[in-house]
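These notes are about the structure you will find just below.
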Amino acid sequence: MKITGVELRRIALPLVSPFRTSFGTETARDVLLVRVVTPEAEGWGECVAMAEPLYSSEYVEGAAEVLRRFLIPALPDRADVHAVERALAPVKGHRMAKAALETAVLDARLRATGQSFGSFLGAARDRVPCGVSVGIMDSIPQLLDAVEGYRAQGYVRIKLKIQPGWDLAPVRAVRERLGDDVLLQVDANAAYTLTDAPHLARLDLYDLLLIEQPLANDDLVQHALLAKRLTTPICLDESIESAQHAAAAITLGSCSIINVKPGRVGGYLEARRIHDLCRAHGVAVWCGGMLETGLGRAANIALAALPGFTLPGDTSASDRYFATDITPPFILDDGHLPVPTGPGLGVEPITAILDEVTTATEWIPL
Ligand code: OSB
Ligand code: MG
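With numbering that gives the first Met the number 0, the residue at position 292 of the sequence shown is 291, and numbering never jumps.
Here you go:
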């Protein structure tokens, strides 16, 4: 299978409600899509980089630039995902850009051979339980309304975004309103330092599943020190960009749970390696999200169906993010989403909708 060329397509999708984290507020998703064309089939990859480099160093315009200038020209002749991974490896970093390209090649390949992402990755179930990530709000009553709405829709786990000044009180209020049985966790997106340890230890009262990324992205050592001072398990997101990082975090005791985001770690092959490593070490993993469209969501749900994904993921239904998704929407059923079974991602963009939200396209022949 030879690759004919690659299309870079930018789309703009408004979010149904602003999504506020400790690093900023998102009101629309500016997404870079990668379409790989071969004579046999086409494949799609969604780049999860955000408009600004606030979650990590990557950002959408930078991803487009490294793709057109370095990654796409480095593609091997054959559309083989392992060969692509090797060919992109000399470029340092830029994992979200690499992941999008690798995913598009893998999708083209799997569509040509008729295999689904789930089957390729080793999915062990046909549906996955879903959680929802709830942003920082202006007031606690507003937060309680949002959380109750999501509970009514069936989400099996609630994640609250926290930051200094929005932590103990919202967590206590949600725990009191929802009762002790609801799975509840928090995500700080690196907003604290180790001097906040006594304050963060007060979260131990609320029986949280985990606290996600309390400290800086690059600080595995301080996360290990913090872990000794909390009973709430530490989960890492931003800190884990590779299986090597995961191995280091496990060795140091920096976390006991890992949020796996394929974009953050450079693709689904690396995501699966982290899953395998964690499974061998008894470290739980779950599938994170980056406010993906239906394309990225389809692949994430396939990944979340692997046997080591023992906690509900941030793989919410399409309507949690967008009024109109670019694929047929993923609809929550009894708190679960179905693992797509068709070839490749198992979903395709709806051309009329895709064209309507497209802001730019660029064709790069090989
Ligand atoms: O830290 O997990 C995060 C969204 C964008 C960037 C970072 C994060 C998130 C989320 C939302 O928490 C996950 C989702 O529902 O896609
Ligand atoms: Mg996170």
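Beta carbons are placed, not taken as given, at the ideal position from N, Cα and C, and that holds for glycine.
The shortest CA-to-CA distance from Trp165 to any of Ala226, Tyr191, Tyr149, Gly148 is the one to Tyr191. A contact between stretches requires three or more CB pairs, one per stretch, nearer than 8 Å, and the segment 10-25 meets this requirement with the segment 177-191. The continuous stretches of alpha helix (DSSP H) do not include Thr231, and DSSP gives it neither H nor E. Cβ-Cβ distances below 6 Å link Val65 to His93, Ala96 in the same chain, with the five nearest sequence neighbours on each side left out; the list follows chain order.
The beta carbon of Phe18 sits closer than 6 Å to those of Glu25, Gly134, all from its chain and outside the five residues before and after it, given in chain order. Between Val146 and Pro128, the gap from beta carbon to beta carbon reaches 7 Å or more. In the DSSP assignment, Phe119 falls within the unbroken alpha helix (DSSP H) covering 116-120.
In the displayed model, Val15 falls within a strand according to three-state DSSP. Within the same chain, and ignoring the five residues on either side of Ser253 in sequence, the residues whose Cβ sits closer than 8 Å to its Cβ are Leu219, Val220, His222, Ala223, Ala226, Ile233, Leu235, Ser238, Ala247. Remark: the shortest separation between the CB of Gly113 and any heavy atom of the ligand OSB does not fall under 6 Å.
Taken through DSSP and simplified to helix, strand or coil, Ser317 comes out as helix.
Where Pro197 is concerned, there is no enclosing beta strand (DSSP E), although the alpha helix (DSSP H) around it starts and stops at 196-200. Excluding its 5 nearest sequence neighbours in each direction, Pro261 has C-beta neighbours in its own chain below 6 Å: Ala98, Tyr267, Ala270, listed in chain order. At least one heavy atom of the ligand MG lies closer than 6 Å to the C-beta of Asp186. Ranked by Cα distance from Met49, the first of Tyr58, Trp43, Pro339 is Tyr58.
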